[in-house]
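The structure under discussion appears below in the form of structure tokens.
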Amino acid sequence: MLPKFASVIAKTREEALSWLSSLENPRIIAGGTDLMVKMRAGKQYSHVIDVAGVPELLTMTETDGRLSVGSAMTHARLSTSEPIIRNARSLALACGLVGSPQIRNMGTIGGNLANASPAADSIPPLLIHDAVLVLESKETRRRVPLEEVIVAPYVTSIDRKELLGSVEINPLRGYREGYRRVAKRATWAISRLGVAFAIKEDKGRFTDVKLAIGSCTPMPFRPKKVEDLLKGAEKNEAIITEAIRMALEEIKLISGIRPSYAYKLPVLKGILEEVLRG
Amino acid sequence: MKTISFVLNGKKTSIEVDDNETLLGALRERLGITSVKEGCGIGECGTCTVLVDDEPHYSCLTLASKANGRDIKTVEYLSSSGVLHPLQEAFIKSGAVQCGYCTPGMLLCAYSLLLKNADPDARDIKEAISGNLCRCTGYIQIEEAIKNAAEICKCDR
Ligand SMILES: Cc1cc2nc3c(=O)[nH]c(=O)nc-3n(C[C@H](O)[C@H](O)[C@H](O)COP(=O)(O)OP(=O)(O)OC[C@H]3O[C@@H](n4cnc5c(N)ncnc54)[C@H](O)[C@@H]3O)c2cc1C
Ligand code: FES
Ligand code: FES
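Chains as they are written, first to last, in the numbering used here: chain A, 449 to 726; chain D, 874 to 1030.
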């Protein structure tokens, strides 16, 4: 049984925003795959605002070379969307690995971001695409880089009165791009490790390298120093070894030594070797 | 309370539901459709699977109000003409039904797969039922049944 709450179904963005501003203790629901589980465990809200059918949140547009993805788009749609596969392959792959087919048909990218789990599969790919979130309230509209929105595990700077409207990403073309995930099993298991990568090479050199690592530190992160080391460097075993050493050091610096690292770090090393060697 | 209208197994249906009611609860308690079952209630077993616009969803994590205006199918739809669907026949023949608890969800996922893909390979089939647990069969019989049904459905076309 769920706790008592009143539910409203928003038909437009405007409607969702005015409910958010006028209701006492509202909570947005999209797919419900995180929120319903929480409410079942006892979380209480006065009102639940259903935004899953809001047309403005279900569109994808391209402007000035940036791709804008509506927050209520499901993992199932994103994993099979032509523009996403073409411009953000790691995101398509990651969305295609979330939960189970049913979870992918229900769960949305907005919910995945707002929930801000350290293991959220969409986050590492969005980081390498320099994602910017469009956050709106009745009075305000702001665009905030994903890195700044997630402030701690499961904590974001999204205000209770704000709606995540869309996520803007930089398309990456001409990159070798992907997402590697390690979990206890293929379905229904949260990621123990998630690595998004996009690598450009030319004549034996790395011309650009973007990496993001999830499920390892409190928040998924981009090892920017490692990216800088590799950018422009000749591709050889020595530089790859050094890059991986730096990445693992950075993780230990962020999180200290954790019991899980006895397993995770050697696996991460293996994944990064494969990814960088290509 | 809210009044919601939707198509249930091909028939227009209107019911009153509570704001905090799940689609699973509404189907079972208000409409008497007990083929939709609560195994876990948290999205981890698949026994509550229904098709929403022909795509599998977990009704335990779906607010009943979300069904408004949609097409909802439960396993009853498959035999609504009075004869068993080839998938159901194939499940029986292959021994894909033991305790039967997972069967409605498995059938709906298989049906949804065949709508999109008339010629699924073993991977497609595994993928399609990967959100549904079976504690009895070991899955082999279920996969075999879906493969066989796909063959039969192809011949029927
Ligand atoms: C069995 C199971 C397996 C799972 N497996 C995975 C997995 O492998 N990988 C993974 O990453 N996740 C997984 N999840 C978690 C979940 O499915 C995802 O995080 C999903 O993307 C959440 O989206 P939703 O639309 O269902 O969110 P909801 O539950 O609707 O919402 C989640 C949170 O986000 C807020 N929110 C939603 N939309 C907006 C918006 N537009 N603006 C502001 N706030 C908003 C809600 O208020 C709520 O706090 C799993 C969940 C379950 C139950
Ligand atoms: S009861 Fe819904 S998935 Fe288990
Ligand atoms: S037949 Fe018993 S759970 Fe599948």
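For every residue, glycine included, the Cβ atom is placed at its ideal position computed from N, Cα and C.
{"Query": "C-beta neighbour in chain A for N990 (chain D), strict 8 Å", "Result": "no"}
{"Query": "C-alpha distance - T1010 (chain D) paired with H577 (chain A), whole-angstrom precision", "Result": "44 Å"}
{"Query": "Inter-stretch contact (C-beta, 8 Å, three-pair minimum) for the stretch 518 to 528 of chain A and the stretch 537 to 546 of chain A", "Result": "yes"}
{"Query": "The beta strand (DSSP E) enclosing R624 (chain A), as first and last residue numbers", "Result": "624 to 630"}
{"Query": "Completely contained beta strand (DSSP E) runs for the stretch 932 to 969 of chain D, where each covers 3 or more residues", "Result": "944 to 946"}
{"Query": "K700 (chain A), enclosing alpha helix (DSSP H) - first and last residue", "Result": "685 to 703"}
{"Query": "Pair within 8 Å by beta-carbon distance, S494 (chain A) and A454 (chain A)", "Result": "yes"}
{"Query": "DSSP state of E472 (chain A) mapped onto helix, strand, coil", "Result": "coil"}
{"Query": "Beta carbon of L924 (chain D) nearer than 8 Å to that of T895 (chain D)", "Result": "no"}
{"Query": "Where H577 (chain A) falls: helix, strand or coil (DSSP)", "Result": "coil"}
{"Query": "Interface residues of chain A facing I915 (chain D) [CB-CB closer than 7 Å]", "Result": "V485, R488"}
{"Query": "C-beta neighbour in chain D for S529 (chain A), strict 8 Å", "Result": "no"}
{"Query": "Contained beta strand (DSSP E) runs [length at least 3] in the stretch 479 to 544 of chain A, N- to C-terminal order", "Result": "495 to 498, 508 to 511, 514 to 518"}
{"Query": "I598 (chain A) beta carbon near ligand 1 (any heavy atom closer than 7 Å)", "Result": "no"}
{"Query": "Distance cut-off 7 Å: S565 (chain A) Cβ against heavy atoms of ligand 1", "Result": "yes"}
{"Query": "Cα-Cα separation between G662 (chain A) and V499 (chain A), rounded to whole angstroms", "Result": "28 Å"}
{"Query": "Contact test: Q492 (chain A) Cβ vs ligand 3 heavy atom, cutoff 7 Å", "Result": "no"}
{"Query": "Check: T481 (chain A) C-beta below 7 Å from any heavy atom of ligand 3", "Result": "no"}
{"Query": "contact_flag[the stretch 685 to 704 of chain A, the stretch 599 to 618 of chain A] where n(CB pairs < 8 Å) is 3 or more", "Result": "no"}
{"Query": "Under 8 Å between C-beta atoms of S548 (chain A) and W467 (chain A)", "Result": "no"}
{"Query": "Min CB distance S967 (chain D) to chain A below 8 Å", "Result": "no"}
{"Query": "In DSSP terms, what D650 (chain A) is bridged to", "Result": "A:R653"}
{"Query": "Under 8 Å between C-beta atoms of Y984 (chain D) and L960 (chain D)", "Result": "yes"}
{"Query": "Whole-angstrom distance between A536 (chain A) and P619 (chain A), CA atom to CA atom", "Result": "6 Å"}
{"Query": "CB contact flag (T947 (chain D), S908 (chain D), <8 Å)", "Result": "yes"}
{"Query": "Cut-off 8 Å between Cβ atoms - residues of its own chain near K673 (chain A), not counting five sequence neighbours on either side", "Result": "M694, E698"}
{"Query": "Supposed contact pair G501 (chain A) and I457 (chain A) - C-beta distance, whole angstroms, cut 8 Å", "Result": "7 Å"}
{"Query": "Chain D contacts made by the stretch 525 to 558 of chain A, where a contact means CB separation under 8 Å", "Result": "G547, S548, P549, Q550, I551, N553, M554"}
{"Query": "Nearest neighbour of L505 (chain A), chosen from A:L471, A:D482, A:A478 [CA to CA]", "Result": "A:A478"}
{"Query": "Pick from A:G622, A:R475, A:P573 that is closest to F645 (chain A), judged by C-alpha positions", "Result": "A:P573"}
{"Query": "Pairwise C-alpha distance: N1005 (chain D) and K999 (chain D)", "Result": "10 Å"}
{"Query": "N-terminal and C-terminal residue of the beta strand (DSSP E) that S985 (chain D) is part of", "Result": "Here S985 (chain D) belongs to no beta strand (DSSP E); instead the alpha helix (DSSP H) covers 976 to 989."}
{"Query": "Beta-carbon gap between N553 (chain A) and T522 (chain A) smaller than 8 Å", "Result": "yes"}
{"Query": "Proximity test, C933 (chain D) beta-carbon vs ligand 2 heavy atom, cut-off 7 Å", "Result": "yes"}
{"Query": "Three-state secondary structure (DSSP) of R901 (chain D)", "Result": "helix"}
{"Query": "As assigned by DSSP and simplified to three states, the class of R589 (chain A)", "Result": "strand"}
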